[in-house]
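According to the UniProt record's numbering, the sequence shown is numbered sequentially starting from 1.
Glycine included, C-beta positions come from ideal geometry on N, C-alpha and C.
Worksheet: one structure, shown below.
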Amino acid sequence: MRIAPFAGLGGPDDVTVQDVDDPDPEPAEAVVSVRACSLNRHDLWILEGESAMVDTEKLPFLSGLDVAGVVESVGERVDAVSPGDRVVLFPNETCGRCRYCREGPENLCEEFSLYHGGFAEKAAVPADRLVHLPDGVGMTSAAALPTAYVTAWRMLRRARVTAGDLVFVPGATGGVGVASVQLVDVLGARSIGTSTSAEKLERIEELGADHTIRSADPDVLEAELREIGETDAVLNHLGGEYTDLGLRTLRRGGRMVVCGRTAGATSEIDVPAMFLNHLQLIGSTMGTQGDLERLVGLVADGTLEPVIGGEYALEETGRAFADMQDRERVGKLVVQPN
Ligand SMILES: NC(=O)c1ccc[n+]([C@@H]2O[C@H](COP(=O)([O-])OP(=O)(O)OC[C@H]3O[C@@H](n4cnc5c(N)ncnc54)[C@H](OP(=O)(O)O)[C@@H]3O)[C@@H](O)[C@H]2O)c1
Ligand SMILES: [Zn+2]
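Pasting the structure below:
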């Protein structure tokens, strides 16, 4: 089979295509014929050498978390899925033994990790992490869901967003950003999305954003946010100066959930403003397999249609990463190996 691993840790030119032996399933695994695997910024951090998880000793490294496809074969202990089943993988890897695995939610696991290996024609995956896809859910849509949409969904739940709330989504045009705008809409809440691109903002207005602001300047953003009104919640995947900006513009008792650091891994916070305004700052990573099942259900009944910004053959995986770097696409970028 062909795979598209990273041969170096520099950038898109380091993505190669190689021939390797087909995988055989371990006793608890299924081998999936991969029809779609979406990109996440997590993969790009690895490719750019900015992830502590992968160093040059681990090269070539095969990334790709969000696999959708058809089960080809199963190991001897697998009975939950069978060859021919249409499935999507939930990439959480958890120990099943720690107090967080026992008490839940599973994404708090002390040994939390993620599956990597989807940029390939076939992937050997833990069978109990596969979610069945109803006929109405396409492979490309399914591959968009596990990381970006589950993370956004869980953030909305952590922020206790309900109908009518006003939710600020800085950086609303990528994977987590678009998912946030769409899911805010599903909950009957209202969103404010930002981008540096007017063209991309038009697209997210079509997708249900109630207000959009084109700027990356915190002062401009703050002034425009104040005009729109106090926010009930912020879904912050950018970090950096967006954290303080989001906290400054929250209503008293408002909640900010943070899951990322695209604009900076450190943020300065006004501590008195935090306690005097009763603000809540909540960290969040991924979600649960139950969250993914819920989202697959929302796609199946037509409530949610994941947004796909680009589709690529396996040989074009490097180009997909270049497109993520260029920031011209809206939504999820998806590699289709078969
Ligand atoms: N903790 C978790 O479980 C989890 C899960 C998923 C993602 N994440 C994190 O969430 C973040 C988003 O991931 P993603 O896959 O959605 O990425 P993505 O698709 O590349 O996100 C693109 C968005 O980020 C904005 N952006 C890109 N570079 C920026 C910069 N330097 N300053 C400000 N905005 C910038 C873009 O704004 P423009 O419209 O202006 O181009 C666009 O709206 C990443 O930090 C990722 O690691 C965390
Ligand atoms: Zn655990």
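Given residue i as reference, the closest of the options once Cα atoms are compared
i, options, result
"lysine 200", "Leu62, Gly188, Ser215 and Arg190", "Ser215"
"arginine 97", "Pro91, Leu89, Phe90 and Cys109", "Cys109"
"arginine 319", "Pro12, Ile3, Gly240 and Pro5", "Pro12"
"serine 113", "Gly246, Leu47, His42 and Val78", "His42"
"glutamate 50", "Leu245, Asp79, Gln18 and Leu9", "Leu9"
"aspartate 232", "Trp153, Gly164 and Ser284", "Gly164"
C-alpha distance - residue i paired with residue j, whole-angstrom precision
i, j, result
"proline 105", "aspartate 323", "34 Å"
"threonine 212", "valine 330", "14 Å"
"alanine 263", "proline 27", "42 Å"
"glycine 208", "alanine 172", "11 Å"
"serine 63", "valine 20", "15 Å"
"leucine 44", "leucine 225", "30 Å"
"residue 347", "proline 91", "Coverage of the chain is limited to positions 1 through 338, which leaves residue 347 absent and any answer about it impossible."
"glycine 174", "arginine 261", "14 Å"
"alanine 265", "cysteine 259", "11 Å"
"glycine 188", "alanine 120", "38 Å"
"alanine 4", "threonine 288", "28 Å"
"glutamate 222", "leucine 245", "7 Å"
"glutamate 48", "threonine 56", "11 Å"
"glutamate 111", "valine 54", "17 Å"
Beta-carbon proximity list for residue i, same chain, < 8 Å, skipping 5 on both sides
i, result
"valine 81", "Ala30, Val71, Val74, Val87, Ala127, Leu130 and His132"
"lysine 122", "Met1, Asp22, Pro23, Val31, Val32, Ser33, Val34 and Glu72"
"alanine 52", "none"
"tryptophan 153", "Ala179, Leu183, Gly287, Asp291, Arg294 and Leu295"
First through last residue of the alpha helix (DSSP H) which encompasses residue i
i, result
"valine 150", "150–158"
"tyrosine 100", "99–103"
"isoleucine 192", "From DSSP, isoleucine 192 is part of no alpha helix (DSSP H) but of the beta strand (DSSP E) over 190–195."
"proline 218", "218–228"
"valine 88", "Premise fails: valine 88 lies in the beta strand (DSSP E), 86–89, not in any alpha helix (DSSP H)."
"aspartate 185", "175–186"
Nonlocal neighbours in the same chain, by C-beta distance under 6 Å from residue i, ignoring five residues either side
i, result
"alanine 143", "Ala36, Cys37, Ser38, Asp66, Ala68 and Val334"
"serine 191", "Val167, Val169, Val181, Val184, Ala209 and Asp210"
"arginine 252", "Asn277 and His278"
"glutamate 241", "Pro218"
"glycine 136", "Ala300"
"leucine 298", "Leu304"
"glutamate 206", "none"
First and last residue of the uninterrupted beta strand (DSSP E) at residue i
i, result
"cysteine 37", "29–38"
"histidine 211", "211–214"
"residue 339", "Summary: the structure shown does not reach residue 339, with the chain confined to residues 1 through 338, and so no result is reported for it."
"lysine 122", "122–126"
"methionine 256", "250–258"
"lysine 332", "332–336"
Cβ separation of residue i and residue j, assumed to be a contact under 8 Å, to the nearest whole Å
i, j, result
"proline 134", "alanine 300", "4 Å"
Contact set for residue i: own chain, Cβ-Cβ below 7 Å, skip 5 residues either direction
i, result
"alanine 7", "Asp14, Thr16, Leu59 and Pro60"
"isoleucine 308", "Thr140, Ala144, Gly331, Lys332 and Val334"
"glycine 118", "Val34, Cys37, Gly64, Leu65, Asp66 and Val67"
"cysteine 101", "Thr94, Cys95 and Cys109"
Residue i: CB within 8 Å of a non-hydrogen atom of ligand 4
i, result
"phenylalanine 168", "For ligand 4, the structure offers nothing, since it holds only ligand 1 and ligand 2."
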